[in-house]
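Chains as they are written, first to last, in the working numbering: chain P, 61 to 450; chain Z, 587 to 688.
Following this line, the structure appears as structure tokens:
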């Protein structure tokens, strides 16, 4: 099925890989009401978070942009905004940010409804109506230019950089060659490879953006840690890394960078919480926390996430499939119930890197078209985490 | 993960090359001095004799490397040889220098 996937067409020309209802609190005070509404209407997901008030500046901006971006993601057929009524990030602002997508959108405000139970009842009725309307949607052929892949690796071991990440990179190159988009992030893990990333930029402007983003991330780390070894980036590589065979920061970072392939060129750098203007290989400017990375990627519009994990991690994202790939045959043997793809054959000699890359690519299209990832089947939703600024 | 996990190629120890431009490979088992391993990842597989012990997950030189010569893995420079390294030699922080941080 080369050239397309089966997605849910949305009014604004995007396509969802899923057809869920998102119940998004604009502030942490509305989290329990949002969760109770989602529990009343299976097929909807609540996005519990600890922010939305008593924030200022860019920290508040990231929260606002991220929540709006999640609401805009085409995997959600409809969105219910749940507000308290006096929060800094107003529920109306959240709804206004989502409205241009043309998707189903409702708002319930606890202080307007009267109390918890009244808000739950009103919100549950809204969610039920949207869920019923969403059930009439049908998957159609969607161009691969409408598919955006997010990538992140976590629970890494030495097999990640040798097998799972390079194989995912081949799949990423294939998707971008077909007109699709793929996001690389985890800037804290890319320090040391900025000159290589910049060389893979489509233009001098994008190369400058890459160098500036990584320099700023390194400066931010320096301000947070004041070890004597900082000058030579010693804090970026650990004794365990040395024992595992890694000899330099460049070597360590290359293992993570390989998720972005080698053929595709970077067309744009965008900040976490934002949405890229271009299609193709993208660099998302944000730190390397697993949940914050996938949350930023979903807010940018990614409908599917690929997640290499050497040691094995069960986590998932509400309403977005997360495909787990391990390069460690032992991890797959023990934790296969959480892992979607075993790339360990690259190390045992059972499978070549290119063949595994093609297998991952086929799995991305199958999952985008409706095949469930194990994290979804098991209800994992831990990866929704909003980036905070100190 | 312990050493010996990936001994599947008819009992041969594997040294994996990640890119055709590389001059080092990663050994997938502990390799002893004088021991042969099978180099995989290139167009044609070949043998390589370890000049010294190379621990599991560490790098072995695929050719003689002169001091100052770029050491390439993933097709990229990960550092330079701080001293001459013989073919089959162990490449690590004792004989690799990287100005970008190590």
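Glycine is no exception: its CB is placed at the ideal position from the N, C-alpha and C atoms.
- Legend: CB atoms of the segment 611-626 of chain Z lying less than 8 angstroms from CB atoms of chain P belong to residues 612, 614, 626.
- In this structure, residue 97(P) keeps its C-beta atom at 8 angstroms or more from the C-beta atom of residue 190(P).
- Taking C-beta separations shorter than 7 angstroms and ignoring five residues to either side along the sequence, the partners of residue 631(Z) in its chain run 624, 625, following chain order.
- In this structure, the CA atom of residue 275(P) is about 46 angstroms from the CA atom of residue 179(P).
- DSSP places residue 407(P) inside the alpha helix (DSSP H), whose first and last residues are 405-408.
- When Cβ-Cβ separations below 8 angstroms define contact, residue 684(Z) makes contact with chain P.
- Within the segment 170-194 of chain P, no residue has its Cβ closer than 9 angstroms to any Cβ of chain Z.
- Three or more beta-carbon pairs separated by less than 8 angstroms link the segment 211-221 of chain P to the segment 305-323 of chain P, which places the two stretches in contact.
- Collapsing the DSSP output to three states places residue 136(P) in a strand.
- The secondary-structure analysis by DSSP pairs residue 449(P) with nothing; it has no beta-bridge partner.
- Within a 10 Å sphere around the beta-carbon of residue 437(P) sit fewer than 16 other beta-carbons, which makes this residue exposed.
- Under the Cβ criterion of 8 angstroms, residue 665(Z) is counted among the residues facing chain P.
- Against chain Z, the beta carbon of residue 226(P) has neighbours under 7 angstroms at 604, listed in chain order.
- Under the Cβ criterion of 8 angstroms, residue 311(P) is counted among the residues facing chain Z.
- Residue contact with chain P for residue 645(Z): present (Cβ-Cβ distance below 8 angstroms to some residue of chain P).
- Judged by DSSP in its simplified three-state form, residue 208(P) adopts strand.
- Just measuring C-alpha positions, the residue of 299(P), 251(P), 328(P), 76(P) sitting nearest residue 313(P) is 251(P).
- Interface criterion not met: the Cβ of residue 84(P) is under 8 angstroms from no Cβ in chain Z.
- It is roughly 11 angstroms from the alpha-carbon of residue 443(P) to the alpha-carbon of residue 109(P).
- Among the bridge pairs identified by DSSP, residue 69(P) is matched with 75(P).
- In the same chain as residue 249(P), and ignoring 5 residues on each side of it, the C-beta atoms closer than 7 angstroms to its own belong to 313, 316, 348, in chain order.
- Our two residues, residue 417(P) and residue 89(P), have alpha carbons roughly 44 angstroms apart in a direct line.
- If you look at residue 619(Z), you'll find it isn't in any alpha helix (DSSP H); DSSP assigns it neither H nor E.
- By the Cβ test, the segment 633-651 of chain Z is in contact with the segment 662-679 of chain Z, since at least three Cβ pairs between them sit closer than 8 angstroms.
- Taking a contact to require three or more Cβ pairs closer than 8 angstroms, the segment 165-177 of chain P and the segment 102-120 of chain P do not qualify as touching.
- When only Cα atoms are considered, residue 622(Z) and residue 245(P) end up about 39 angstroms apart.
- Interface with chain Z (8 angstroms Cβ-Cβ cutoff): residue 293(P) is included.
- Under the DSSP assignment, residue 99(P) falls in the alpha helix (DSSP H) whose first and last residues are 91-100.
- Beta-bridge analysis with DSSP links residue 386(P) to 402(P).
- When Cβ pairs closer than 8 angstroms are counted between the two stretches, the segment 133-152 of chain P is seen not to touch the segment 384-401 of chain P, the count staying below three.
- With a contact defined as Cβ atoms closer than 8 angstroms, residue 414(P) and residue 401(P) miss out at about 15 angstroms.
- The beta carbon of residue 608(Z) sits closer than 6 angstroms to the beta carbons of 658, 659 from its chain, once the five residues preceding and following it are set aside; these are given in chain order.
- With a contact defined as Cβ atoms closer than 8 angstroms, residue 603(Z) and residue 617(Z) miss out at about 15 angstroms.
- Nearest neighbour of residue 267(P) by Cα position, chosen from 328(P), 432(P), 424(P), 126(P), turns out to be 328(P).
- Using beta-carbon distances, residue 387(P) does not count as an interface residue toward chain Z, since no partner is under 8 angstroms.
- With a threshold of 8 angstroms between beta carbons, residue 670(Z) makes no contact with chain P.
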